[in-house]
Every structure is written in C-alpha cells, then in structure tokens.
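Protein chains in written order, with my numbering: chain E, -8 to 149; chain V, 42 to 807; chain Z, -17 to 258. From the three backbone atoms N, C-alpha and C, an ideal C-beta is built for every residue, glycine too. Just so we're clear, the structure is a prediction, and the values are computed from it rather than from any experiment. Below is one structure, written out as structure tokens; the observations come after it.
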Amino acid sequence: MIPIQMEINGQTIEMEVAPDLSLLDLLRAVGVASVKKGCGEGDCGACGVLLDGVYVKSCLILAAQASGRHVETVESLGNVEHPHPLQTAFVDAGAVQCGFCIPSMLLAAKSVIEEHPEPNDEEIREGLDGNLCRCTGYVKQIEAVKTAARVMKEEDHE
Amino acid sequence: MSNSFSQVGTNVRKVDGMALATGGSLFVADLAPENALCGRILTSPHAHARIKRIDVSKAEALEGVFAVLYHGNVPRVLHTTAGQGFPEPSPYDTVMFDDKVRYVGDRVAAVAAETPELAEQALSLIEVEYELLEPVFDPVQAIKPGAPIIHDEPDAHVVIPVHYEPQRNLAALVETRVGDVDGALAKCDVVVSGTYVTQYAQHCPIEPHITLAELDPYGRVRITTSTQVPWHVRRIVAQCCQIPVRRIRVVKPRIGGGFGAKQEVLLEDVATMLCLRSGQPVLLEYTRKDEFVSSRTRHPSVCTTTLGFSKDGKVQAIRMHMVLNTGAYGSHALTVGSNCGSKVLPMYPCDHIEFKMEGAYTNLPVGGAYRGYGATQAVFSVECLIDEAAAKLGRDPLELRVQNHIRSGQGSPIFKALGEGTEGVEMTIGSCGLPECISRGAEAIGWGRPRQKSGRRARGVGMAILMQGSSIPYVDMGAATLKLNEDGSFNLLIGATDLGTGSDTVLAQIAAEAIGVDTEMIIPLSSDTDVTPFDVGAYASSTTYLSGNAVRKAALLVRHQILEVAAEMQKCDQEKLTIEDGRILGGPMELTCSAVALHSLYSHNQKQIMATASHISEKSPPPFAAHFAEVEVDLDTGFVKLLKYVSAVDCGTTIHPKLAEGQTEGATMNGISYALTEEYLFNEKGRMLNPSFGHYKIFTTADMPEMVTIMVPTYETTGPYGAKSVSEISINGALPAISNAIRDACGVRLTQGPFTPERVAKALRE
Amino acid sequence: MINVEKFVRPASVEAAVALLQAPDSVALAGGTGVSLSKDPNVRTVVDLSDLHDLKRIEAPADRIRLGALVTMTQLRRSSGLPAVLVEAARSVGSTPLRNVITVGGELARGVYWNDLPVLLLALDAVVELTSGAGVERVPVAAFLADHPKRALAGGKLLTAVELSPAALPKASFIKYARTLVDYALCDVACGLRVEDGVIREARVALGAIVPLARRVPEAEQALLGAVPGAEAFERAAKAAVAAVEPRPDFRVSREYQRQLVEALVRRALEAAVGPA
C-alpha cells in the first residue's frame, strides 16, 4: 500500500492506496461523483480532471502519481445556486443532453479558454478532441464554449 | 397554422441541465451503497459450443464471494430480452444461463463478490469444459440447408403467431406484396438494382449498461437501472426470476445515453438473482468491451433492391429483399425487419411493391434496437438506387426525388401491410414538410454548383430523403398523472423515459402549455414503476407524440378541475374562466392556481386536484428529412473527408427547438461516423478484434464537418401542439447521402458500409 | 502494476538513475503506458515528475534541445520551433493525452503507434541518455534500431533530445489514420537538404506500418543526387514499398498498406520541398 496525500477541490485527503489504483477510482471512492468511468482505458474522456491545472484523463493517472498535487473537478467550478459561466452557457445552449460526458468536457473547455480567451472553432475543436459525446454531435457544445468565453472576458473586465 | 404558444416552442431550461453540469450524483453508479457487491458475468470465448461441464465450487468457496449463478442453479425460463410490449414479437429464445453458448461474449455464469478484484478472481475459478460446435457467421448461408443449427433447443418459441423456423436459423420472416412487380418491371424503361450491405455498429452510450439491485426491508427488490424500458424490465425480471411483479420496483435515474441499446433487459435479471441469492445489494455493470461484444448492436444487413421507372421518371415498382443478421438471439429481428419495409417503402408511392425480410441467426453479437431501427439499413439501397436511376434517366437526382416522393394527403398500402408483428395501420400523410426540407437543404449545400477536381482530390455532393414514424399505433401506450400543490406548482408523474433526450423537459412544457402556467411550475418525476403511471418506454420515437398526448390529456383534466373549484370559489360560470400564467382570468375575483390549491386542500369540499390520463396513438405520422453531404475524396489514399453536412428536418412543431436540433445533430453525427468509420472486425473464430473506442472509431470534435441544421416547421394535427417525433430519423441519411456524394465526386458507387479509405481505394482501382 | 511495492518520486536525475538500476523498476513520465500495464515484474515505480530540469525547451540559434519530460502540448504551444515539429506533436492522441505524453515517453515506449520518433528519425535527432556512468549521446536511429527497452537497459534514463533543423531544412511529417484521434495506420516523415537544385541529403522514415519507427535507406538512396520532383519522388516511394514489409494490421490489408506507403512517401516528399 502506498501512502498518498492530495488536495481535491480544496480539501486535503490522506490515505493509503493500492499501487495500481487509478486517480479515477480514487476520486469516485472518496465521493467525487462527477468524474465518470465510461471506458476505464483512456479512450472516452468522461473521466477528465484538472491536475495542477492541466486537463488529463484520470483513468490513466495513478492515484500515487497524483500525490502531492491539486485535483480540480467540476464541483469546484460552480454549483446550482452559483454556476460558473461555462455551466450556464452549456445548459442554455442545449449542449447538455444525457450529461454523462459534461463534467469532464466543462473542465476541458475551461482549459481551452485559459489558453485562448477568445477561442475560435478550430481551437475549441482541438481542445475538446479528447471528449467523446454520442448525444449531441458537438455542435452546441462548441457554441457554448464561445458564449462562455465572451461572458468570462466581460466578467474579467468588471 | 401559427404557433402562438407560450411554453411550447420555447427553449426553456432543461430541467436536469444544471444538476448534470454541476456534477450531481445522478447516475446509477453514483447511487450504489458502499456495501454493494460487485457483480461480474463470465462470457464465452467460443462462438458456438455446448457446455459439457461447469464447476463453480471453487468460485463459491472463495472468501468474499456471495453468489454464483450458472445454468444449473437458476430457473430455465425462455424469454426475450427485447424491451417490447407484451406479448412480445421477438422469439422466446433466451434463458438467463444456458448449457450452450452461441456467440463469443454469450453468458456463461455470474458472480457477486465484495470487490471487483474478488469478482474477477471468482470468474477465473469457474471451470468450464466446452464441446466446440461448428459456427456459422454469414446470415445468407445460415438460412440455407446444411448450416449448423444455433437454436436447436426444443423449447424456443414465439408467443404471437409469426413465422419462426429456428430449425433453419430463421428467426423472423416477413413478406408482403402489392400488385404485380414482375409484370410492372417488364414494362419499365429503366430498371436499377443492387445489393447493399450494412455493417455491425454499437450505440456507444458513454455510460455502459449498469444496474443496481437491492432488497428493501419489506422483501421487495428495488432495481435502479440504466434503462429505456422500466416496465418491460419489471415484467421480464419477474418472469426470469420467478417472483411476482408486485415484489419489484424499477427506477430509472439519469442515464448516460441509450440510443436503443438500453431497450433491452440485459443485466437486470442477473443482478436481481444475484441480489436475491446473496441477500445484499449488487451493482452489475458492463465494461466497455462487454458493451461492444455482449450487449446489443445494429443488425447487419444484406439487401437487394430493385426500382423500376417509366421514362418520364415515375417510380413504377419496388422490390426489396432484406436479409438481416440477428446474431445469436432474435430480439428485435422481426420488428427491425418489418421497419425496413414500413419506414422506407412508402416514400415513393407506386402500385407494385414486393418486400421480403428474412432474419437469420448467426453465431455473432446480437442485433437489437438501434436508433433508426431498420430504416437505417433499408434506406441505404433505395436512396442510392434513386441516384443510379437518375443517372440512367439523365435527370437531376434531386428533381427525380421531388417528382416521386410521398406528399401530404397520400397513403401507401405498406402502412397497413407492415406492422410490428401484428397488422399495420392504414395512414394518410398529414403534415409533410419534405418539399421545403429538400429546397432549403439544397440551398444550404449549394446543390447544382459544380465541384472541382483539384490535383488528387475530388469533390462531390449527394443527398438522401428520409421518413420515420412517431410511435406504434394501437400497440404502445403512455400515461401521465398531474397533481396540484399549494404554491400552484404541479407534480407531473410520467412513465416516459428520459435517456438524456430531454423528455422530462418537453413533457413539462406540454403540461404547462395545456394548463396555462409557466414550465417552471411543473416538477417532472419519471420512470418509477411504483409511483409513475405506465409507459412502454423510450423507443419507436414515441415520447413526444404518444406520451406527450397523454400528458396533454391529463393536463386538460386537471385544468378542468381547477376551473371547477375556481368557479365554485367565485360563484361564477366555469365556462368564462381561463388560466394564463397561473392566474385564473374571467371571473370577479383575482385568483391564482395557488389560491385554488389552498382552498381545495384545506378549506372546503377538500380534495386533491389530480388527474391521470392514458393515450394510444391511432397513426404514426412520419417526420421527414432531407440530408445533403459534401465530400472530398483523396484519390491516392481513398480517404473520404466530409466537408459539410446539412440536415433539414420536418418534425412538426418543435416543442423545444434546441432539444429538437440537438436530437438532429446527435443522430446525424452518429450516422456520419457509421457511414465512414464504424465497424466490427472479427477474426475467423467470430471474436471481435476491436472492442474499444481506441479501435472502434466514432467522430470527435476534431473530425466534424461543417454542420448545418434546418428545422422546417409544419403542424401535425394529431400530435401534441402539432409535434411529431424527431429522435431517430437523422441517423439514416449519411450512409446513402455520402455514398451518393462519393459517386458524384469520383464515379465509384460504394454499396457496403463503412466507406473506409481501403474500400474507396479498391473501388477506384476497379 | 499489481506487484508494485514502492512508488518513488526522486528529486534529481542522479537519484532517478540510481533507482532505475533495479531491473524491476519502471520510469513513469506521462503514465499513459504505465498506468494500465499488467506487468507483474514491476516492483518499483520511479515517478519522474519532480525532475523539472527535464521539462525545458531550449532553442538558441540552430540547436534545439528538448528535455525528455517536455510534453506534446508544450511543443504545440512553443513559438520558435519548426512547424513540422509542432505538427507532429499536434498529431499525437488528443488534448488530455498531449498534456501528459512526453518526448521521452514517445521514444522510450517502443510501440508501433509512437508518432514523434518518426519525425525525429527524419531530422537526425540525437538522444541524450544519462546513467550512473555519465551522459551518452546516441543517434535516434541507433536508439531505436535494437529496441528502446534494450537501449535503456541497465538503468539509463532518456534525459533529452537534440536536433538541428537547419541540417535538413526541407522536412515534412504525415500521420495517416482513420480519424484524427487514432493509432496511426502509417506515419511518414522526411528531411531533405537541397543544394544547387539537387538533393544532397535525404532521410525518409516510416512508422506504424512497421513494428518500430525506422528509416528507409532504399528510399533515401533513390533520392540522393536527384532533382527534387515527381520522377525522383515516385522512385523513392516505390523503393520504400519494395523495401518495407508491413506489419500485420487487423485494420487494413497488406495490399492497402503498400498503397499507403507509396502515396504517403510521395506526398511527404512533395510537402517537404513545398510548392514549385
């Protein structure tokens, strides 16, 4: 068993884990339900998290590898009372159908906007290319990222 | 008909949208208790074999294993896994565990253990000795004499009077005939014919199948499951586990997509049995590999179609011979096969039609319900052959379609001839926006503009026109209950199943519109067999059209009750009163629904204002669509790049425009990767070689073409507020439209999906 | 991974190299190859993520030095790198994978679908290996020729990759796959030096269609001394087809693989010299 410690959405956890435990399984075991297991083998992107601010697939990261780091999931973006502009934009654009891929995609979108505050279609498509969605055809999700970027830019200026 | 609705036709906030976007614990995996056992299923490594010996004792003895199931310790109950109305049109050819396996991935045994690792270990301790049997993989060969018999058990049977010949691997047969096709073809000036092959595909819901089965303190089983068909689950689990329906409650929480894969009872019976045997909650889920191999697929097909035309371009005769590969079990074979005819043949009305469909058993993964449901397979040949005919006639393929397609007021003998196991229902087309779909779509793609060849790249455009249906008339039923609360809000209890489509929202809009309140005042609760009234579930594109009408009826009943009380409160004539935005207008007092609620709950003549209504539909009005694709073919590698795709759709009124577009865009994207990249690759022993997203390719944002969505409004008088269905139709266009576009670009006609670069390159060489 | 007993994060290259002496240890960079591994022989995981010195890109004047832990995303975002290198980095995986896949990982993994090594071969890159005995510099072709696992045996750590793009200024890279996020069906890279209208130096490298990325000397020979143009490129392409035995790939037939090699080698050469 490997001792690990990490910060998850601002809360520190300390525990011992099996060496082959993935960050995905760890997160779900400690109650972070937003991180989803769609394939468990690095292909679908439903398990994405921000690890020290970098968007990664948590099923491909060992829990031990993430020790000493910060993990952010969609719970830290916003909640129902105070949603993040990305969450509002996705919902209002009709970009959320079954919602299974959405928590991860929102984090990918956040990364895109951090790198490109006024992202174009090409930049958004590249940034979301690790997120499979079977419901939406991606059209409204791309629109939502553009809308959110605009709102976030305005908020920055306030 | 102008739409002056207040709730219908607006993009209200999806009721579950923000909860999903903020990561709420909403899916089955999120709801499992800490102490839930982990269920796992042992599957067959062989395509066709008898289980000579199976010894589960070592698995049972493993510490931490609480239940092991196999054919020797579960009741042998023949049933179908298909989620369909009872009695089902699919053969009863499946048992929970059998002493025979019929495809690689078939069930052999199941365990429930404390951890996933222990469950895996337990599976490895189950000893199985197989007697290998000769498999058959080709559906055309499978129904010929001499093929190995897959269902040689004496007790497989059908429960409605349909053709079933398992002794020659024939799971289903449908034949219908109108007029004299041979005679008509002989007189035709142009006859085109071809054999078109569609391939296996998987729905790829991002959430695989998953079920939680728990015993409550009263000894009832609560099944929380990712399903499209809660009531069929309840009935079939009762059947398989031999417990009464009243002991079972099925709840569908938020689910991560279905697309038809979850119109099936695949895990719930096993999970329930494991739960009953162990006495503990059991969480049973498919891995992604299981999802590809052991769940359900799109039936592959081999279809030979002939179209005959007179020289003026009029379609005179159609013959279609469809062979469907149903895989190792016959679920949905008859009905998918029937829809091959019923959703495609009526598009071009003529007096001479012949349709024959054979559903063949093979030792391969099992076909089931998949968005499009037969129309996907059949429309490929017809829409490609229209282009072939246009070429021979020297006509624009768009104009040829415009000349021939069905219109409002027309019918087709096919509607009555082809039902779903029972007789069909005669129908005349009501709303039909197809002409506008065609013209607006053509403009958006730039139809008629010449596309160039540039170096080693050639561009072309192609189109396809589509129809589907809205519910299964006289077969399917949906019901809804509404009850009024103190603050003027309403609980809307609906059986209808939201698989992410947004039906909770759409049905709330319909209720709100009918009563006269804001959609926010409607609280939908769906798909709980103890609490919500019956609904067949989400399939056959029925939720908006069928369940929506039930909701509307219940809403009008509740509205009537409210006005009745309001009239009594004001001592005025009920006829004068209306409800608008929650306020009762037309009487002497200023009343609201809330005031009426408080009065009726607490003050006088107390009662709960509440109503339930059911609905069955009398017709299945088709949505229509015209799809257009622009491709660029790389003549050196055969790679087909999709540049632009236009989907123009008539679904009547769009109750929620963005959700209707969303259905269109999602279905279209799925159809596109089905046409270009999705396929099952098998080795010579029937094992799937690519059961992962790594090698089963679906489009990502990086692959997207420019997508244009055009919703063409019409008004279907039989639908709630003019609505028809929208969810399936757009998956069917890409295969023919892209084949047509490739033909336009470089002259090759691809008749087998997917249009991989290798296939295109081979065709270019020939 | 099931038998791993220790998970260590060394603070220095020296410490890492000492740990990697143990034959039952494995280096963890991005992790995409390690985390799903079922190898029962691994007992120690050496997590390299604290070796920040290896995360630098240095590109003064003519010589580019990429630390072994430089990710594909870092390459993608870096200004001042040759476009062809950025393009190759872009072709790897998807965004979350590019965020963790490293230069060192792409070279050390040794599987058919590693895309970056194909370009590095065509650019005559040099691999820096650090061990207890010191630092060696090995041409990428030699590093790959045997197999990366053997080249790294005995506790060697890949610490950097160096290249001089000016040496082979006409370079191109093509990744061909079924979709844009996919294991390659065929990678082609080439690097040419043209002087006085004649090809003086040529490198042609293939990946994915062979078990491990490699150069194709027969194609290179066909180009030396030739005038860059359709005739020479076709000869080189045909030479590549004749010289290379495609690995069995369940996705495509051998015949198509050969067609791809011919078409893509020709196309890569055309792209390298640019429009006429």
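Handout entry: Nearest candidate by alpha-carbon position, reference V/Gly124, set V/His373, V/Asp96, V/Ile201 and V/Val200
Key = Selected option, being the one with the closest Cα: V/His373.
Problem - Beta-carbon gap between V/Leu684 and V/Pro746 smaller than 8 Å - result: Cβ atoms of V/Leu684 and V/Pro746: closer than 8 Å.
Exercise for the section: Give the straight-line distance between the Cα atoms of Z/Thr14 and Z/Gly137, rounded to the nearest whole angstrom. Expected result: Using only the alpha carbons, I get a separation of about 21 Å.
Practice task
Go ahead and label V/Leu173 buried or exposed: buried means 16 or more other beta carbons lie within 10 angstroms of its beta carbon, across all protein chains shown.
Solution key: Around the beta carbon of V/Leu173, fewer than 16 other beta carbons sit within 10 angstroms, so the residue counts as exposed.
Problem - Z/Val247 and Z/Val186 closer than 8 Å at C-beta - result: Yes. Within cutoff.
Exercise for the section: Going by CA-CA distance only, name the one from V/Cys692, V/Ala786 and V/Ile770 that's closest to V/Gly50. Expected result: Minimum Cα distance to V/Gly50 is reached at V/Cys692.
Problem - Cβ distance (whole Å) where V/Gly712 is taken to contact V/Leu776 below 8 Å - result: Taking C-beta atoms under 8 Å as the contact rule, V/Gly712 and V/Leu776 qualify, at a distance of about 7 Å.
Practice task
Identify every run of the beta strand (DSSP E) within the segment 259 to 314 of chain V, keeping only runs that are complete inside it and at least 3 residues long; order them along the chain.
Solution key: As summarised for the segment 259 to 314 of chain V, the continuous beta strand (DSSP E) elements at least 3 residues long and confined to that stretch are 262 to 266 and 289 to 292, given in chain order.
Problem - Outcome for V/Lys141 when other beta-carbon atoms lying within 10 angstroms are tallied against a minimum of 16 - result: Classification for V/Lys141: buried.
Problem - Sequence ranges, alpha helix (DSSP H) only - wholly within the segment 624 to 704 of chain V, length at least 4 - result: Secondary structure in the segment 624 to 704 of chain V: the alpha helix (DSSP H) runs of 4 residues or longer, each lying completely within the stretch, are 634 to 639 in chain order.
Handout entry: Closest by C-alpha distance to V/Cys79, when choosing among V/Ala60, V/His87, V/Lys330 and V/Val109
Key = When each option's Cα is compared against that of V/Cys79, the closest is V/Val109.
Handout entry: 6 Å CB neighbourhood of Z/Thr55 in its chain, flanking five on each side removed
Key = So the list reads Arg80 and Asn81, once near-sequence residues are dropped.
Problem - Contact belief for V/Ala225 with V/Ala358 at Cβ below 8 Å, rounded distance in angstroms - result: At roughly 4 Å, the Cβ-Cβ gap stays under 8 Å, so V/Ala225 and V/Ala358 are in contact.
Practice task
Pick out whichever of Z/Val163, Z/Leu1 and Z/Leu126 has its Cα sitting closest to the Cα of Z/Val100.
Solution key: Ranking Z/Val163, Z/Leu1 and Z/Leu126 by Cα distance to Z/Val100 puts Z/Leu126 first.
Handout entry: Below-8 Å beta-carbon distance, V/Thr156 vs any chain Z residue
Key = Taking Cβ atoms only, chain Z never reaches closer than 8 Å to V/Thr156, which makes this a no.
Handout entry: Z/Leu1 vs Z/Thr26 beta-carbon contact at 8 Å
Key = A distance below 8 Å separates the beta carbons of Z/Leu1 and Z/Thr26.
Handout entry: 8 Å contact criterion, which V/Arg498 and V/Glu673 should meet: CB distance rounded
Key = Separation of the CB atoms of V/Arg498 and V/Glu673 is rounded to 5 Å, and the pair is thereby assigned contact status at 8 Å.
Handout entry: Start-to-end residues for the beta strand (DSSP E) that takes in V/Phe396
Key = DSSP places V/Phe396 in the uninterrupted beta strand (DSSP E) bounded by His393 to Tyr402.
Handout entry: Where the segment 238 to 259 of chain V meets chain E: residues whose CB sits under 8 Å from a CB there
Key = For the segment 238 to 259 of chain V, the set of residues with a beta-carbon nearer than 8 Å to any beta-carbon of chain E comprises His244, Cys245, Pro246, Ile247, Glu248 and Pro249, in chain order.
Exercise for the section: Check distances from the C-beta atoms of the segment 714 to 728 of chain V to those of chain Z and list, in chain order, the residues that come in under 7 Å. Expected result: Cβ contacts with chain Z: Thr718 and Leu722.
Practice task
With hydrogens ignored, establish whether the beta-carbon of V/Ile779 is closer than 7 Å to any heavy atom of the ligand GTP.
Solution key: Only the bare structure without any ligand can be found here, which leaves the ligand GTP out of the picture.
Exercise for the section: On a CA-only basis, which of V/Glu161, V/Tyr370 and V/Gly126 is nearest V/Leu119? Give me that one, please. Expected result: Looking at the Cα atoms, V/Tyr370 is the closest of the given residues.
Exercise for the section: Grab the span of the beta strand (DSSP E) containing V/Ala521 for me, first residue to last. Expected result: DSSP places V/Ala521 inside the beta strand (DSSP E), whose first and last residues are Met518 to Leu525.
Problem - chain Z contact for V/Asp677 (CB, 8 Å cutoff) - result: For V/Asp677, the answer is yes, since a Cβ of chain Z falls inside 8 Å of its Cβ.
Exercise for the section: Can you say whether Z/Glu177 is buried or exposed, counting buried as having 16 or more other CB atoms within 10 angstroms of its CB? Expected result: Counting Cβ neighbours within 10 Å, Z/Glu177 comes out exposed, since fewer than 16 surround it.
Practice task
At 8 Å on the CB atoms, spell out the chain Z contacts of V/Thr741, in chain order.
Solution key: Residues of chain Z passing the Cβ test: Ser76, Thr161, Leu162 and Val163.
Exercise for the section: Enumerate in chain order the residues of its own chain whose CB-to-CB distance from E/Pro93 is below 7 Å, with the five nearest sequence positions on each side excluded. Expected result: It should be pointed out that residue 93 of chain E corresponds to Ile in this sequence rather than to Pro. So the list reads Phe81 and Val87, once near-sequence residues are dropped.
Handout entry: V/Thr538 beta carbon less than 8 Å from that of V/Pro271
Key = Taking 8 Å as the cut-off, the Cβ atoms of V/Pro271 and V/Thr538 count as close.
Handout entry: Start and end residues, beta strand (DSSP E) containing Z/Cys172
Key = Segment Cys168 to Glu177, the beta strand (DSSP E) holding Z/Cys172.
Practice task
Could you tell me whether the Cβ of V/Leu540 comes closer than 8 Å to any Cβ of chain E?
Solution key: Judged by the 8 Å Cβ criterion, V/Leu540 is in contact with chain E.
Exercise for the section: State buried or exposed for V/Pro74, treating a residue as buried only when at least 16 other CB atoms are found within 10 Å of its CB. Expected result: Its Cβ having fewer than 16 others within 10 Å, V/Pro74 is exposed.
Practice task
Check whether the segment 437 to 448 of chain V touches the segment 330 to 338 of chain V, counting contact only when three or more Cβ pairs, one atom from each stretch, lie closer than 8 Å.
Solution key: Because the criterion of three Cβ pairs below 8 Å is not met, the segment 437 to 448 of chain V and the segment 330 to 338 of chain V do not touch.
Exercise for the section: Please report how far the alpha carbon of V/Arg276 lies from the alpha carbon of V/Ala689, in whole angstroms. Expected result: Their backbone Cα atoms lie some 39 Å apart in a straight line.
Problem - Between the CA atoms of V/Asn532 and V/Ser714 - distance to the nearest angstrom - result: Going by the C-alpha atoms only, they are around 40 Å apart.
Handout entry: Test: E/Val45 CB closer than 8 Å to a CB of chain Z
Key = Interface residue, yes.
Practice task
Kindly indicate which residue of V/Ile394, V/Leu253 and V/Ile556 has the alpha-carbon position closest to the one of V/Val219.
Solution key: Shortest Cα-Cα distance from V/Val219 to any of V/Ile394, V/Leu253 and V/Ile556 involves V/Ile394.
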